[in-house]
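The next block holds one structure in the form of structure tokens; read it before the comments.
Residue numbers (mature numbering (1 follows the signal peptide of the UniProt record, and there is no 0)): -23 to -1, 1 to 199.
What follows is the structure, encoded as structure tokens:
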């Protein structure tokens, strides 16, 4: 994903590129399964709304303190602009996600993410990558095999909205070896492995995106 005003979110990378094989569209009560590689999960995300039933959201569902930083109207990176686009393409116009987009491009995952049918992407905002330091970020960008599993850990193979996430409580990612993501709280107070949601429920053509304030580290929530 480029100037990550996401594509989102931060959306993440896969050197093994086992993601490339992903491309199915099962529907679960909590979301649509988008990948034959998506880890199986017994958790459904029950919900009282039609949106939560399949994880698809609208502009009216978006929430979080950083949402106001998105361009308005139909400008690139705005909700209206990102909605019809597949997630990696949408993230490439999101001003919050430029570093995430760069990471996705470095691992050649743009087409892979765009081809998924229904996924959830936890996209670290630029300050989250900045916390790693430029040297570390550049080092990872030059080592796709190390960056890929980190990016995979930010992608769930089913589509969830915020209510679905809260109902599930724990979710497997495309990096199953990294352990499940722990969802705590709800709405504005929701966290993902301790990371706060800066702008959530962002709709794109094939994914629901949650911009978060930290880069998630595989293996820290086992």
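Where is the CB? At the ideal position from N, CA and C, for every residue including glycine. For clarity, every value in this text was computed on a predicted model and none was experimentally measured.
According to DSSP, which residues form a beta bridge with residue i?
{"i": "residue 147", "result": "159"}
{"i": "residue 101", "result": "189"}
{"i": "residue 96", "result": "184"}
{"i": "residue 133", "result": "97"}
Would you identify the three-state DSSP class for residue i, choosing helix, strand or coil?
{"i": "residue 177", "result": "strand"}
{"i": "residue 42", "result": "coil"}
{"i": "residue 121", "result": "helix"}
{"i": "residue 90", "result": "helix"}
{"i": "residue 113", "result": "helix"}
{"i": "residue 154", "result": "helix"}
{"i": "residue 169", "result": "strand"}
{"i": "residue 33", "result": "coil"}
{"i": "residue 195", "result": "coil"}
{"i": "residue 69", "result": "coil"}
{"i": "residue 59", "result": "helix"}
{"i": "residue 126", "result": "helix"}
{"i": "residue 83", "result": "helix"}
{"i": "residue 142", "result": "helix"}
{"i": "residue 107", "result": "helix"}
For residue i, count the other beta carbons within 10 Å of its own beta carbon; 16 or more makes it buried, fewer makes it exposed. Which is it?
{"i": "residue 76", "result": "buried"}
{"i": "residue 146", "result": "exposed"}
{"i": "residue 51", "result": "exposed"}
{"i": "residue 35", "result": "exposed"}
{"i": "residue 125", "result": "buried"}
{"i": "residue 89", "result": "buried"}
{"i": "residue 91", "result": "buried"}
{"i": "residue 66", "result": "buried"}
{"i": "residue 194", "result": "exposed"}
{"i": "residue 112", "result": "exposed"}
{"i": "residue 101", "result": "buried"}
{"i": "residue 42", "result": "exposed"}
{"i": "residue 26", "result": "With a pLDDT of only 42 at residue 26, under the threshold of 50, the placement of this residue in the model should not be trusted, and no figure is reported."}
Quick one: what's got a C-beta closer than 6 Å to residue i's C-beta in the same chain, skipping five residues either side?
{"i": "residue 4", "result": "Only weak support exists for where residue 4 lies, its pLDDT of 35 falling under 50; the coordinates are left without a value."}
{"i": "residue 133", "result": "97, 148, 150"}
{"i": "residue 53", "result": "70"}
Can you tell me which of the options puts its alpha carbon nearest to the alpha carbon of residue i?
{"i": "residue 69", "options": "103, 43, 95", "result": "103"}
{"i": "residue 197", "options": "176, 156, 180, 163", "result": "156"}
{"i": "residue 93", "options": "191, 151, 174", "result": "151"}
{"i": "residue 171", "options": "184, 186, 190", "result": "190"}
{"i": "residue 218", "options": "53, 37, 99", "result": "This structure gives no information on residue 218, because the portion of the chain shown stretches from -23 to 199."}
{"i": "residue 143", "options": "163, 153, 158, 55", "result": "163"}
{"i": "residue 40", "options": "194, 195, 188", "result": "188"}
{"i": "residue 95", "options": "72, 46, 32, 118", "result": "32"}
{"i": "residue 118", "options": "105, 78, 131, 101", "result": "78"}
{"i": "residue 200", "options": "131, 115, 42, 49", "result": "Since the first residue shown for the chain is -23 and the last is 199, residue 200 is missing from the structure and cannot be characterised."}
Going by beta carbon distance, what residues of the same chain come within less than 7 Å of residue i, once the five residues before and after it are set aside?
{"i": "residue 62", "result": "181, 182"}
{"i": "residue 44", "result": "176"}
{"i": "residue 173", "result": "189, 190"}
{"i": "residue 168", "result": "161, 162"}
{"i": "residue 58", "result": "51, 52, 70"}
In chain order, what residues of the same chain have a beta carbon less than 8 Å from the beta carbon of residue i, not counting five sequence neighbours either side?
{"i": "residue 108", "result": "191, 192"}
{"i": "residue 9", "result": "For residue 9, the pLDDT reaches just 40, beneath the cut-off of 50, and the residue's location in the model is therefore unreliable, although a value from the coordinates is still provided. Once the five neighbours on either side are set aside, the close Cβ partners of residue 9 are 2, 3, 31, 32, 94, 95, 135, 136."}
{"i": "residue 115", "result": "none"}
{"i": "residue 55", "result": "47, 48, 49"}
Measuring from the CB of residue i, is there a heavy atom of the ligand SAH at a distance below 7 Å?
{"i": "residue 139", "result": "What this structure holds is no ligand at all, so the ligand SAH is not there to describe."}
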